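The structure under discussion appears below in the form of structure tokens.
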Amino acid sequence: MKKSWVTLFLPNDEYKERQLLYFIAEAFVLFIGLLGVAGLLNKTFSTFHAESLFILLIIAVTLSLYVWIRYIVSGMEYANVVEKSEYKIELRKLIGSTSKFAVLFAGVAIALKLTGVVDYSWMDLLGMTLLSYGLLLVAQFVSLQRSVRKNRELS
Amino acid sequence: MGNRVKEYRVEKNYTQTDLAVAIGVTRQTIGLIEANKYNPSLKLCIAIARVLDVTLNDLFWEE
Chain A
1 MKKSWVTLFL
11 PNDEYKERQL
21 LYFIAEAFVL
31 FIGLLGVAGL
41 LNKTFSTFHA
51 ESLFILLIIA
61 VTLSLYVWIR
71 YIVSGMEYAN
81 VVEKSEYKIE
91 LRKLIGSTSK
101 FAVLFAGVAI
111 ALKLTGVVDY
121 SWMDLLGMTL
131 LSYGLLLVAQ
141 FVSLQRSVRK
151 NRELS
Chain B
1001 MGNRVKEYRV
1011 EKNYTQTDLA
1021 VAIGVTRQTI
1031 GLIEANKYNP
1041 SLKLCIAIAR
1051 VLDVTLNDLF
1061 WEE
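From first to last, the protein sequence lines stand for chains A and B. Quick note: the first sequence, position 117, residue 117 per our numbering, numbers continuous. Quick note: the second sequence, position 25, residue 1025 per our numbering, numbers continuous.
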């Protein structure tokens, strides 16, 4: 029995679904708090005149990162991986999917540069690609490690 | 609150993965339920009871 459209974006597993809803609810509470702080800063300090859209963008990125990091640290992403053979398979998949992301990222960035939409140097482009690839790889690796540890404790 | 999910699962010769696949959850969820670290919904409790062919009382009722 699904009562909300948000379930379309949630996993089918009951535990994962519930935990993700907690993380999203926590992020919402933080959102209210951060909006309040931003409002106070705007009122209190005359030098603080950030654009509303910019503040909202920063808050949105922060909250998305919050939910993502909570998900990674919770060790529930790879909920079926216990054995060493399963771990090796997942590790290979993880490296493959992260590499695909890096190629796609670089492709979009190059397309944006060549069409003149953005104007950053080739070094910037390389740096951004490598940085996002590295961060994603580390995040996924940590997620896998934590998942396996948690799964082994529960076996 | 304890439960006897692991006891009945082992009795029926099911692995955690077998039970997880049968009721459509992850193996981790089964492990969490068995370790009393997650309280499943009534819907999931009934699904577990059906697969293990026992009653809810057998699984979750403490004398």
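Glycine residues also receive a C-beta, built at the ideal position from the N, C-alpha and C atoms. In this text the structure is predicted, and so the values were computed from the model without any measurement.
Minimum Cβ-Cβ distance from residue i to chain A less than 9 Å
i                 : result
Ala1022 (chain B) : no
Arg1027 (chain B) : yes
Glu1007 (chain B) : no
Gly1002 (chain B) : no
Leu1032 (chain B) : yes
CB contact flag (residue i, residue j, <9 Å)
i                 : j                 : result
Ala109 (chain A)  : Val118 (chain A)  : yes
Thr7 (chain A)    : Leu30 (chain A)   : no
Gly1002 (chain B) : Glu153 (chain A)  : no
Leu140 (chain A)  : Ser97 (chain A)   : Per the sequence shown, residue 140 (chain A) should be read as Gln rather than Leu. Yes. Within cutoff.
Phe101 (chain A)  : Val67 (chain A)   : no
Val1025 (chain B) : Leu1056 (chain B) : no
Tyr71 (chain A)   : Ser132 (chain A)  : no
Asp1028 (chain B) : Ala60 (chain A)   : It is worth fixing the name first, because residue 1028 (chain B) is Gln in this sequence and not Asp. Their beta carbons are not under 9 Å apart, which means Gln1028 (chain B) does not touch Ala60 (chain A) by this criterion.
Ser147 (chain A)  : Val81 (chain A)   : yes
Any C-beta of chain B under 9 Å from that of residue i
i                : result
Met76 (chain A)  : yes
Lys93 (chain A)  : no
Glu14 (chain A)  : yes
Ala25 (chain A)  : no
Leu154 (chain A) : yes
Ser147 (chain A) : yes
Asn151 (chain A) : yes
message = Extract the residue ranges of the alpha helix (DSSP H) inside the segment 47 to 80 of chain A, only unbroken runs of 4 or more that lie entirely within it.
response = Those alpha helix (DSSP H) runs which fall completely within the segment 47 to 80 of chain A and span 4+ residues are 52 to 74.
task = Name, going along the chain, the residues of the segment 1036 to 1054 of chain B whose beta-carbon falls closer than 9 Å to a beta-carbon of chain A.
result = For the segment 1036 to 1054 of chain B, which is checked against every Cβ of chain A, the residues closer than 9 Å are Lys1037, Tyr1038, Pro1040, Ser1041, Lys1043 and Leu1044.
query = Whole beta strand (DSSP E) runs in the segment 93 to 134 of chain A with 3 or more residues, listed along the chain?
reply = Fully enclosed beta strand (DSSP E) runs of 3 or longer: not present.
query = Closer than 9 Å, Cβ to any Cβ of chain B: which residues of the segment 58 to 91 of chain A, in chain order?
reply = When C-beta distances to chain B are compared with 9 Å, the residues of the segment 58 to 91 of chain A below that value are Gly75, Met76, Tyr78, Ala79, Asn80, Val81 and Val82, in chain order.
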